[in-house]
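Below: one structure, written as C-alpha coordinates.
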(Lines of atoms letter the chains of each structure in order from A; the text may use other names.)
(Lines give C-alpha, C1' and ligand atoms only; values in the text may rest on other atoms or scores of the structure.)
Protein backbone atom coordinates (compact mmCIF):
# COMPACT_ATOMS: atom_id res chain seq x y z
CA UNK A 377 0.00 0.00 0.00
CA UNK A 378 1.10 3.53 -0.70
CA UNK A 379 1.37 6.10 2.05
CA UNK A 380 2.07 9.80 2.08
CA UNK A 381 2.70 12.08 5.01
CA UNK A 382 1.73 15.67 5.43
CA UNK A 383 1.56 18.27 8.15
CA UNK A 384 -1.83 19.66 9.06
CA UNK A 385 -2.72 22.81 10.95
CA UNK A 386 -4.25 23.15 14.38
CA UNK A 387 -7.51 24.05 12.65
CA UNK A 388 -7.54 20.52 11.18
CA UNK A 389 -7.07 18.63 14.46
CA UNK A 390 -10.54 17.11 14.12
CA UNK A 391 -9.23 15.00 11.23
CA UNK A 392 -7.38 12.81 13.74
CA UNK A 393 -10.20 12.57 16.29
CA UNK A 394 -11.25 8.99 15.33
CA UNK A 395 -7.65 7.78 15.69
CA UNK A 396 -7.12 9.63 18.98
CA UNK A 397 -10.30 8.02 20.32
CA UNK A 398 -8.89 4.59 19.44
CA UNK A 399 -5.70 5.49 21.33
CA UNK A 400 -7.70 6.61 24.34
CA UNK A 401 -9.62 3.30 24.26
CA UNK A 402 -6.29 1.43 24.27
CA UNK A 403 -5.20 3.46 27.30
CA UNK A 404 -8.52 2.75 29.02
CA UNK A 405 -8.16 -0.95 28.32
CA UNK A 406 -4.50 -1.06 29.48
CA UNK A 407 -4.76 1.14 32.57
CA UNK A 408 -4.72 -0.54 35.96
CA UNK A 409 -5.14 2.53 38.14
CA UNK A 410 -6.59 5.36 36.05
CA UNK A 411 -9.43 3.85 34.04
CA UNK A 412 -11.79 6.62 35.16
CA UNK A 413 -9.44 9.23 33.73
CA UNK A 414 -9.51 7.65 30.29
CA UNK A 415 -13.24 6.90 30.52
CA UNK A 416 -13.99 10.62 30.96
CA UNK A 417 -11.13 12.03 28.86
CA UNK A 418 -12.31 13.62 25.61
CA UNK A 419 -10.61 14.65 22.42
CA UNK A 420 -11.77 18.21 22.99
CA UNK A 421 -10.19 18.27 26.43
CA UNK A 422 -6.93 16.82 25.09
CA UNK A 423 -6.79 19.41 22.32
CA UNK A 424 -7.33 22.46 24.54
CA UNK A 425 -3.57 22.81 25.04
CA UNK A 426 -2.84 22.36 21.34
CA UNK A 427 -5.41 24.92 20.23
CA UNK A 428 -3.73 27.56 22.41
CA UNK A 429 -0.31 26.96 20.87
CA UNK A 430 1.33 29.02 18.18
CA UNK A 431 1.91 27.29 14.87
CA UNK A 432 5.69 27.34 15.28
CA UNK A 433 5.55 25.33 18.50
CA UNK A 434 3.40 22.42 17.31
CA UNK A 435 3.72 19.90 14.49
CA UNK A 436 0.83 17.63 13.54
CA UNK A 437 1.87 15.07 10.97
CA UNK A 438 -0.51 12.53 9.48
CA UNK A 439 0.00 9.41 7.39
CA UNK A 440 -2.50 9.17 4.56
CA UNK A 441 -3.51 6.20 2.44
CA UNK A 442 -5.35 7.36 -0.68
CA UNK A 443 -8.06 4.72 -0.22
CA UNK A 444 -8.43 4.61 3.57
CA UNK A 445 -7.59 8.21 4.44
CA UNK A 446 -5.63 9.09 7.58
CA UNK A 447 -4.21 5.95 9.18
CA UNK A 448 -1.73 7.48 11.62
CA UNK A 449 -0.63 10.71 13.24
CA UNK A 450 1.96 12.26 15.51
CA UNK A 451 1.54 15.46 17.53
CA UNK A 452 4.81 17.04 18.63
CA UNK A 453 5.22 20.21 20.68
CA UNK A 454 7.94 22.56 21.79
CA UNK A 455 7.64 23.83 25.36
CA UNK A 456 9.87 26.11 27.40
CA UNK A 457 12.00 23.29 28.77
CA UNK A 458 11.80 20.55 26.14
CA UNK A 459 10.25 19.16 23.00
CA UNK A 460 7.77 16.34 23.36
CA UNK A 461 6.15 13.65 21.26
CA UNK A 462 2.70 14.26 22.75
CA UNK A 463 0.52 11.74 20.94
CA UNK A 464 1.24 9.01 18.41
CA UNK A 465 -1.10 6.48 16.85
CA UNK A 466 -1.00 4.17 13.83
CA UNK A 467 -3.89 1.89 12.86
CA UNK A 468 -3.17 -1.64 14.08
CA UNK A 469 -2.96 -3.28 10.65
CA UNK A 470 -0.17 -0.87 9.63
CA UNK A 471 1.99 -1.05 12.76
CA UNK A 472 4.56 -3.35 11.19
CA UNK A 473 5.05 -1.08 8.17
CA UNK A 474 7.49 1.33 9.86
CA UNK A 475 5.02 4.21 9.93
CA UNK A 476 5.44 4.84 13.66
CA UNK A 477 9.22 4.91 13.27
CA UNK A 478 8.85 7.32 10.37
CA UNK A 479 6.58 9.64 12.37
CA UNK A 480 8.82 9.61 15.44
CA UNK A 481 11.91 10.16 13.27
CA UNK A 482 10.24 13.13 11.63
CA UNK A 483 9.25 14.51 15.04
CA UNK A 484 12.81 14.19 16.37
CA UNK A 485 14.22 15.84 13.25
CA UNK A 486 11.76 18.74 13.57
CA UNK A 487 12.52 19.19 17.28
CA UNK A 488 16.28 19.13 16.73
CA UNK A 489 15.84 21.57 13.83
CA UNK A 490 14.13 23.87 16.33
CA UNK A 491 17.06 23.60 18.76
CA UNK A 492 15.38 21.33 21.31
CA UNK A 493 18.14 19.80 23.40
CA UNK A 494 15.79 17.74 25.52
CA UNK A 495 13.18 15.55 23.81
CA UNK A 496 10.62 13.60 25.83
CA UNK A 497 7.77 11.18 25.37
CA UNK A 498 5.28 10.30 28.10
CA UNK A 499 3.83 6.80 28.26
CA UNK A 500 0.44 6.24 29.89
CA UNK A 501 0.39 3.89 32.87
CA UNK A 502 -0.45 0.38 31.74
CA UNK A 503 0.82 1.02 28.21
CA UNK A 504 4.44 0.12 28.97
CA UNK A 505 4.43 -2.39 26.10
CA UNK A 506 5.46 0.50 23.82
CA UNK A 507 8.76 1.05 25.67
CA UNK A 508 10.56 -1.25 23.21
CA UNK A 509 9.29 0.77 20.24
CA UNK A 510 10.47 4.04 21.76
CA UNK A 511 13.80 2.56 22.85
CA UNK A 512 14.44 1.54 19.23
CA UNK A 513 13.94 5.22 18.43
CA UNK A 514 16.45 6.38 21.05
CA UNK A 515 14.18 7.07 24.05
CA UNK A 516 15.02 5.48 27.41
CA UNK A 517 13.38 5.59 30.84
CA UNK A 518 15.03 8.26 32.98
CA UNK A 519 12.49 9.15 35.65
CA UNK A 520 9.14 7.76 36.71
CA UNK A 521 6.41 10.00 38.13
CA UNK A 522 3.72 8.57 40.36
CA UNK A 523 0.44 10.45 40.70
CA UNK A 524 -1.64 10.57 43.85
CA UNK A 525 -4.93 8.88 43.10
CA UNK A 526 -7.90 10.20 45.02
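In my numbering, the protein residues as written are 377 to 526.
From the three backbone atoms N, C-alpha and C, an ideal C-beta is built for every residue, glycine too.
Of 506, 508, 526 and 496, the smallest CA-CA separation from residue 518 is found for 496.
8 Å or more divides the Cβ of residue 470 from the Cβ of residue 449. If you look at residue 492, you'll find it isn't in any alpha helix (DSSP H); DSSP assigns it neither H nor E. In summary, residue 458 is exposed, with fewer than 16 beta-carbon neighbours lying within 10 Å of its beta-carbon over all protein chains present. The criterion of a C-beta distance shorter than 8 Å is not satisfied by residue 425 and residue 383. Under the DSSP definition of a beta bridge, residue 382 partners with 438. The distance from the Cβ of residue 454 to that of residue 490 is about 6 Å, consistent with a contact at the 8 Å cut-off.
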